[in-house]
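Using my numbering, read the sequence shown as starting at 3 and increasing by one per residue.
C-beta: ideal position from N, C-alpha, C; glycine also.
Have a look at the structure below, then the notes.
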Amino acid sequence: SAASKKSSTKNDFPIYPLPPYVRRACSRNDPKVTDCVMKIGTEAIKGVVKGDPKYRIPKLNPMTIDELRINQGTKQVGLSIICKKCLLYGLPDTKFVSAYNSWEKRECHWNFQLDKISVKGKYNVSGQVLLLPIFGNGDAEFDFYDLKFAYKYKWDYYKRANWTYVNITHSEFPLEIGNMTIKLENLFNGDNLLSSNMNRFINEHWVEILADIKPALSKSLADLTTQILGNMAKFVPFDIMFPEKYDPNED
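Okay, structure coming up:
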């Protein structure tokens with residue numbers, strides 16, 4: 003019926019204020035709006051990663067990555083490592099380092115740094131290295147160091163119930179990683195000598211292996227950021243997020 007249609011669309015996205023971990027809004031007319039975004043954003047990170055069902059934000063420490071897949075295929079190394087439903091730890095320590103935004107172009111760039119994140123989960127490996135067949139399954143840990151990443155997005159505006167909202171139309175997530183280590187437990191049915199040699203060999207080739215992993219890692223983080231901002235933008239109107247009113251004395 004028309005009445006039920008009306009109520010369902012109305013209830014899908016009620017109008018919410020900013021969540022409590024976002025201490026205050028930044029005025030779009032603040033000449034230093036990027037400084038405000040960085041300051042408020044830095045304080046908000048620790049709250050966001052705890053998750054918030056009201057704003058449809060999942061718990062992010064740990065965050066689940068559906069699948070990390072490494073396929074190395076060279077003459078010396080033919081290696082396939084799959085880690086399903088891996089858990090990523092470390093996002094609460096994200097540092098917000100710089101921001102850029104343009105209301106005219108409707109685009110935003112946020113730059114972040116992280117000293118370290120860890121991905122842990124159950125792995126399966128098969129293939130051969132230097133003519134030696136490699137096999138095993140068990141616990142895996144991937145540690146990534148010195149991460150630099152940016153979230154760049156563009157948006158459009160739309161109206162709902164006399165409020166203006168933001169819809170993210172395009173996003174990118176460039177990611178740089180300074181170093182990486184891998185530890186695979188229980189290779190070769192737990193043969194310690196073969197296992198430690200193989201782990202050493204894999205770590206010596208971390209650059210090639212990282213090139214395989216990075217797209218999945220980058221996509222997971224990009225999708226997650228878009229989900230958080232996209233959901234927040236459905237509940238919190240643009241005029242509440244970035245009001246016109248500007249008070250220069252506000253902290």
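Is residue i helix, strand or coil when you go by DSSP?
i: residue 20; result: coil
i: residue 132; result: coil
i: residue 163; result: coil
i: residue 29; result: coil
i: residue 57; result: helix
i: residue 241; result: helix
i: residue 247; result: coil
i: residue 193; result: coil
i: residue 215; result: helix
i: residue 171; result: strand
i: residue 143; result: strand
i: residue 98; result: strand
i: residue 252; result: coil
i: residue 236; result: helix
i: residue 203; result: helix
i: residue 62; result: coil
i: residue 9; result: In this prediction, residue 9 scores a pLDDT of 40, lower than 50, which makes its location untrustworthy; no coordinate-derived value is stated.
i: residue 4; result: At residue 4, the pLDDT of 47 sits below 50, so the modelled position is not reliable and the matter cannot be decided from this model.
Going by DSSP, which residues form a beta bridge with residue i?
i: residue 110; result: 103 and 155
i: residue 121; result: 90 and 144
i: residue 268; result: This structure cannot speak to residue 268, because the chain is shown only from 3 to 253.
i: residue 82; result: 73 and 128
i: residue 138; result: 127 and 189
With respect to the beta strand (DSSP E) encompassing residue i, which residues constitute its N-terminal and C-terminal limits?
i: residue 68; result: 65-75
i: residue 1; result: Residue numbering for the chain in the displayed model covers 3 to 253; residue 1 lies beyond these limits and cannot be assessed.
Residue range of the alpha helix (DSSP H) that residue i falls in?
i: residue 35; result: 35-50
- Message: Between the segment 173-183 and the segment 148-158, can you find at least three pairs of beta-carbon atoms closer than 8 angstroms?
- Response: yes
- Message: With three or more beta-carbon pairs closer than 8 angstroms as the criterion, would you say the segment 212-231 touches the segment 60-80?
- Response: Yes: at least three Cβ pairs fall under 8 angstroms.
- Segment contact flag, the segment 47-66 with the segment 228-237, C-beta cutoff 8 angstroms, min 3 pairs: Counting Cβ pairs under 8 angstroms, three or more are found: they touch.
- Is it a yes or a no for the segment 110-117 touching the segment 236-249, going by three-plus beta-carbon pairs under 8 angstroms? Flag = no, the segment 110-117 and the segment 236-249 do not touch.
- Are at least three pairs of beta-carbons, each pair with one atom in the segment 40-47 and one in the segment 17-30, less than 8 angstroms apart? yes
- Message: Across the segment 128-148 and the segment 159-169, are there enough close Cβ pairs to call them in contact, namely three or more that are closer than 8 angstroms?
- Response: no
- Item | the segment 44-54 in contact with the segment 81-90 per 3-pair CB rule at 8 angstroms | They do not touch, by the three-pair rule.
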